[in-house]
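Protein chains in written order, with this note's numbering: chain R, 5 to 358; chain C, 5 to 358.
The C-beta atom is built at its ideal place from N, Cα and C for all residues, glycine as well.
Written out below as structure tokens is the structure these notes cover.
Protein chains: 2
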Amino acid sequence: MSSILDRWWFRAFAAVALFFLCQLGFIISKVQNLDEEKMTLLAEIQTLERKRDGLLMDIANKERDIVRLDRREQQLEVLVRDRLSLVNAGRKNAPMIYFVTPTSFRPAQKADLTRLSYALSHVPNLHWIVIEDASTASDSVARILKRSQLPHTHLCVKTPANMKMKHSDPSWYLPRGVPQRNAALAWIRTQLSRAKTGAVYFGDDDNTYDLRLFDEIRSIDAVGIWPVGIVGGLVAEKPLLAENGTVVGFNAVWKPERPFPIDMAAFAVNLTLVTANREASFSYDVPRGYQESHFLTGLGLSRADLEPKAMNCTRVYVWHTRTEKSKLSKADWTRIISQDRSVFEEVEAHGLGL
Amino acid sequence: MSSILDRWWFRAFAAVALFFLCQLGFIISKVQNLDEEKMTLLAEIQTLERKRDGLLMDIANKERDIVRLDRREQQLEVLVRDRLSLVNAGRKNAPMIYFVTPTSFRPAQKADLTRLSYALSHVPNLHWIVIEDASTASDSVARILKRSQLPHTHLCVKTPANMKMKHSDPSWYLPRGVPQRNAALAWIRTQLSRAKTGAVYFGDDDNTYDLRLFDEIRSIDAVGIWPVGIVGGLVAEKPLLAENGTVVGFNAVWKPERPFPIDMAAFAVNLTLVTANREASFSYDVPRGYQESHFLTGLGLSRADLEPKAMNCTRVYVWHTRTEKSKLSKADWTRIISQDRSVFEEVEAHGLGL
Chain R
5 MSSILDRWWF RAFAAVALFF LCQLGFIISK VQNLDEEKMT LLAEIQTLER
55 KRDGLLMDIA NKERDIVRLD RREQQLEVLV RDRLSLVNAG RKNAPMIYFV
105 TPTSFRPAQK ADLTRLSYAL SHVPNLHWIV IEDASTASDS VARILKRSQL
155 PHTHLCVKTP ANMKMKHSDP SWYLPRGVPQ RNAALAWIRT QLSRAKTGAV
205 YFGDDDNTYD LRLFDEIRSI DAVGIWPVGI VGGLVAEKPL LAENGTVVGF
255 NAVWKPERPF PIDMAAFAVN LTLVTANREA SFSYDVPRGY QESHFLTGLG
305 LSRADLEPKA MNCTRVYVWH TRTEKSKLSK ADWTRIISQD RSVFEEVEAH
355 GLGL
Chain C
5 MSSILDRWWF RAFAAVALFF LCQLGFIISK VQNLDEEKMT LLAEIQTLER
55 KRDGLLMDIA NKERDIVRLD RREQQLEVLV RDRLSLVNAG RKNAPMIYFV
105 TPTSFRPAQK ADLTRLSYAL SHVPNLHWIV IEDASTASDS VARILKRSQL
155 PHTHLCVKTP ANMKMKHSDP SWYLPRGVPQ RNAALAWIRT QLSRAKTGAV
205 YFGDDDNTYD LRLFDEIRSI DAVGIWPVGI VGGLVAEKPL LAENGTVVGF
255 NAVWKPERPF PIDMAAFAVN LTLVTANREA SFSYDVPRGY QESHFLTGLG
305 LSRADLEPKA MNCTRVYVWH TRTEKSKLSK ADWTRIISQD RSVFEEVEAH
355 GLGL
């Protein structure tokens, strides 16, 4: 056997075979590696493809979101464009204003409440308390309140017959709105006894309010005061201020000796004063023109507490406008005093709010 | 040579070598394939990775979009919440209403224009044309117009001295607003001569408008008519309709023989009628109470053209309210008639709009 190992051709053959075997082994291992690499790469591709699918789904979702948001934005833009806010945004946390409006039936009541509602509905965080001088709340006023889209409270309390003015009486003859404003105070004390912020303002239904008034109302601590246009025979009724900005008097010409010779529209008070001083109210048992003074002193306030607003009382943001008494025939006045819907045509009843 | 080919070991050697060579060739080609495959897969992975990066960037962009849209939506929500629209949305393409308001200086002018602006600013697609009875347009009125955020035009034309009423004259003594309304008509004819749609309405500054009136105005073809509350000594002045809904008369008690015995607030006309009939106007040369008739006949209209609106004239959407003449001293009236800002305190001038 050893002889054959020594043969040159056998050695050559063995060497070649060994060489090829090594090559083969190397190549096989390389192929195995490559196969493994291929598997890894394929797995990687699968992962990436899954990821891509996920991302595409993500994008589809986001695109749906964007379409939805775009549509919502368009809707809101239309809403806003249709109704561009006349007041600044961002008053979510501004204190509530409780706007107390006593109202009684007359030919222009519906008209006056309608235009007042259009002013108030520009004001954020305003709660409108309307108290009808009636034994039942009317549908017409309720619909005006509803259309205003304001938070509101609709109350009614009838003025005692002996305290009710006739249509021919002069407007100063008897105090108006006494039981109505008291009903609003009672509602506030019941419903808002735990409220920590808020302002109460008595806003008649035929006054004219500049929207800037409501920023002044919101800024008061205890009691704010400001000028009122065209009232008490004056172009502007207002407090007189000292150099340091404190109230030292009033320009009222009628009964200037009153503790607060001011109009109902000239002040607003902090809600907590109303809930803390449960006896403060309006009353028939005070002299003519003393309603404001009676209420404010009932809250424990004195002239020194007055906070001048409206740029140190140099601006008029509320006018004591009065709607002219309607010129109607005696027969029409008789019908109107009856407040009987059946004596009116449909269109008349609609215009009167009956 | 042939001898060596016949040797068995040579044949075996050649066969083994051939076998290995074939194997080698096969394996090399397979490795080449695998290498190519690997390159392809790597390229694929690179493509996928690039794609993934693109998608991730896409997602980042979309997320930014969503954040932006979300923020915008929140802002708009606040705007809308603060100012919930009192009218329906989606009136982008509704015809424009040209609301023509002649106005003259008086103690309550600023108050009346202010509250009117709060009503009108609820109305989409309304262009407010205010014409002052003055030789120069006042800053006060301009500011009210600006605050209203309405499209507006501010004109002024002075009423001739002999046609100007004194503050003590009864309101019916002379026609009011004649040159002012004509100035508005001239502006419309110059600026809107090519307009194909729109309505013209004459809305005085102390009337009260229900927002539903504006839907009626928008719906007219040639000339619309509706009831007006508290005017002409009536609870509601209105046309009388036949069974089929055409106008057959009016309930006016004063001068019912007029072609159109109606108030200025009772009708609106198509803008194209105004631009096509350039002679139609208001005039001092017509009998008292004939302004409306003179203008409407000038547009070539007759009673048969009237389109009854407001649910067949059974609803009152506008009231002829009048703001009471302010009760002021003679000295104050003298100052007011002077319209001289320097004779007023700052707060008085602000309240009067001087």
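Please report the straight-line C-alpha distance between R/Val363 and R/Tyr288, rounded to a whole angstrom. Chain R is shown only over 5 to 358; residue 363 of chain R falls outside these bounds and no answer can be derived.
Please check if any C-beta of chain C sits within less than 8 Å of the C-beta of R/His171.
-> In the first sequence, the residue the question calls residue 171 of chain R occupies position 167. Cβ-Cβ to chain C under 8 Å: no for R/His171.
Next on the checklist: 8 Å is my cut-off, CB to CB: does C/Asp74 come that close to chain R?
Outcome noted: On the second sequence, position 70 is the one that residue 74 of chain C refers to. With 8 Å as the cut-off, C/Asp74 counts as an interface residue toward chain R.
| In chain R, which residues lie less than 9 Å from C/Cys26 when you measure between Cβ atoms? | The count along the second sequence starts at 1 and reaches residue 26 of chain C at position 22. Ordered by position in chain R, no residue passes the 9 Å Cβ test against C/Cys26, which lies about 11 Å from the chain.
Closest by CA to R/Leu4, which one among R/Val347, R/Gly253, R/Arg119, R/Thr157?
-> With chain R covering only 5 through 358, there is no way to say anything about residue 4 of chain R.
- Does C/Val134 come within less than 8 Å of chain R when only Cβ atoms are used? As a position in the second sequence, residue 134 of chain C is number 130, starting the count at 1. The beta carbon of C/Val134 sits no closer than 8 Å to any beta carbon of chain R.
On the three-state DSSP scale, how would you describe C/Ile229?
-> On the second sequence, position 225 is the one that residue 229 of chain C refers to. Note: C/Ile229 maps to strand in three-state DSSP.
For a contact meaning CB atoms closer than 7 Å, what does R/Leu358 contact in chain C? Within the first sequence, numbered from 1, the residue matching residue 358 of chain R stands at position 354. Residues of chain C passing the Cβ test: none, with the nearest at roughly 10 Å.
- Pull up the distance between the alpha-carbon of C/Ile3 and that of R/Val71, whole angstroms please. This structure leaves residue 3 of chain C out entirely; chain C is present only between 5 and 358.
* Asked: Which of the residues in the segment 223-243 of chain R, read from start to end, lie with their CB under 7 Å from any CB of chain C?
  -> Within the segment 223-243 of chain R, the residues whose Cβ lies closer than 7 Å to some Cβ of chain C are Pro231, Gly233, Ile234, Gly237, Val239, Ala240, Lys242, listed in chain order.
Check your understanding: Should C/Met43 go down as buried or exposed, given a rule of 16 or more other Cβ atoms within 10 Å for buried?
Key -> Here residue 43 of chain C is taken as the residue at index 39 of the second sequence, counted from 1. Label assigned to C/Met43: exposed.
_Is C/Asn166 close to the ligand NAD? I mean its beta-carbon at under 7 Å from any heavy atom of the ligand._
Of ligands this structure carries none, so the ligand NAD is not represented either.
**Request:** Please confirm if R/Phe254 has its CB atom under 8 Å from at least one CB of chain C.
**Result:** Reading the first sequence from its first residue, position 250 is the one you call residue 254 of chain R. The beta carbon of R/Phe254 sits no closer than 8 Å to any beta carbon of chain C.
| task | Check R/Thr279 in the structure and name its three-state DSSP category. | result | Numbered from its first residue, the first sequence carries residue 279 of chain R at position 275. DSSP, read as helix, strand or coil, puts R/Thr279 in helix.
Taking buried to mean at least 16 other C-beta atoms within 10 Å of its own C-beta, is C/Gly355 buried or exposed?
-> Taking the second sequence and counting its residues from 1, one reaches residue 355 of chain C at position 351. It counts as buried.
Are C/Phe286 and C/Tyr205 close, meaning C-beta to C-beta below 8 Å? By one-based count along the second sequence, residue 286 of chain C stands at place 282. By one-based count along the second sequence, residue 205 of chain C stands at place 201. No, Cβ-Cβ distance for C/Phe286 and C/Tyr205 is not below 8 Å.
Given this structure, state the Cα-to-Cα distance separating R/Arg326 from R/Ala112, to the nearest angstrom.
Counted from its first residue, the first sequence places residue 326 of chain R at position 322. Counted from its first residue, the first sequence places residue 112 of chain R at position 108. Our two residues, R/Arg326 and R/Ala112, have alpha carbons roughly 11 Å apart in a direct line.
| task | Establish whether the CB of R/Cys317 and some CB of chain B are separated by less than 8 Å. | result | Annotation note: the requested chain B is absent from the structure, which comprises protein chains R and C.
### Query
Exposed or buried, which one is R/Tyr213 when buried takes at least 16 other CB atoms within 10 Å?
Within the first sequence, numbered from 1, the residue matching residue 213 of chain R stands at position 209. R/Tyr213 should be labelled buried.
Is the segment 147-162 of chain R in contact with the segment 21-38 of chain C, if contact means three or more CB pairs nearer than 8 Å?
-> They do not touch, by the three-pair rule.
Legend entry - R/Gly357 classed as buried or exposed, judged by whether at least 16 other C-beta atoms fall within 10 angstroms: For the purposes of this step, residue 357 of chain R is taken as residue 353 along the first sequence, with counting starting at 1. Counting other Cβ atoms within 10 Å of its Cβ, R/Gly357 reaches 16 or more and is therefore classed as buried.
Got a sec? Which residues, its chain only, sit under 7 Å from C/Asp210 by beta carbon, not counting five neighbours each side?
Counted from its first residue, the second sequence places residue 210 of chain C at position 206. Within the same chain, C/Asp210 has close Cβ partners Asp116, Thr325, Arg326, Thr327.
- What residues match up with R/Pro312 in a beta bridge as DSSP calls it? For the purposes of this step, residue 312 of chain R is taken as the residue at position 308 of the first sequence. Residue pairing by DSSP places R/Pro312 opposite R/Ile229 in a beta bridge.
Does any residue of chain R have a CB that is nearer than 8 Å to the CB of C/Asp209? If you number the second sequence from 1, residue 209 of chain C lands on position 205. So, not an interface residue.
request  = Say whether chain R places a C-beta atom closer than 8 Å to the C-beta of C/Gly304.
outcome  = For the purposes of this step, residue 304 of chain C is taken as the residue at position 300 of the second sequence. With 8 Å as the cut-off, C/Gly304 does not count as an interface residue toward chain R.
Specify, as a first and last residue, the run of the alpha helix (DSSP H) that R/Thr118 falls within. Walking along the first sequence from the start, residue 118 of chain R turns up at place 114. Element bounds for R/Thr118: 113-124.
query: If you scan the segment 162-245 of chain R from start to end, which runs of the alpha helix (DSSP H) of 4 or more residues do you find wholly inside it?
result: For the segment 162-245 of chain R, whole alpha helix (DSSP H) runs of length 4 or above, ordered along the chain, are 182-195, 216-222.
Using a Cβ-Cβ cutoff of 7 Å, what residues of the segment 319-332 of chain C are near chain R? List them in chain order. Flagged, chain order: Arg319, Val320, Trp323, Thr325, Arg326, Thr327, Glu328, Ser330, Lys331, Leu332.
### Query
How many whole angstroms separate the CB atoms of R/Val161 and R/Ala187, which I take to be in contact at a CB cut-off of 8 Å?
Translated into the one-based positions of the first sequence, residue 161 of chain R becomes position 157. Translated into the one-based positions of the first sequence, residue 187 of chain R becomes position 183. The pair is a contact, with the Cβ atoms about 5 Å apart (cut-off 8 Å).
**Asked** How would you write the range of the alpha helix (DSSP H) that C/Thr301 sits in, first residue to last?
**Response** As a first step, residue 301 of chain C is located in the second sequence; it is residue number 297 there, counting from the start. Per DSSP, the unbroken alpha helix (DSSP H) holding C/Thr301 starts and ends at 295-302.
Open item on the list: Out of C/Arg307, C/Val322, C/Ala308, which one is the CA nearest neighbour of C/Ala314?
Closed with: As a first step, residue 314 of chain C must be located in the second sequence, where it is residue number 310. With respect to the C-alpha of C/Ala314, the residue from C/Arg307, C/Val322, C/Ala308 having the closest C-alpha is C/Val322.
request  = Could you round the C-beta distance between R/Gly233 and R/Val320 to whole angstroms and report it? I think they count as a contact, below 8 Å.
outcome  = Here residue 233 of chain R corresponds to residue number 229 of the first sequence, with the count starting at 1. Here residue 320 of chain R corresponds to residue number 316 of the first sequence, with the count starting at 1. The Cβ separation is near 4 Å, so the contact holds.
Classify C/Gln184: buried if its beta carbon has 16 or more other beta carbons within 10 angstroms, exposed otherwise. By one-based count along the second sequence, residue 184 of chain C stands at place 180. Buried, by the Cβ-count rule.
Q: Using a Cβ-Cβ cut-off of 8 Å, state whether R/Glu40 counts as contacting chain C.
A: As a first step, residue 40 of chain R must be located in the first sequence, where it is residue number 36. So, not an interface residue.
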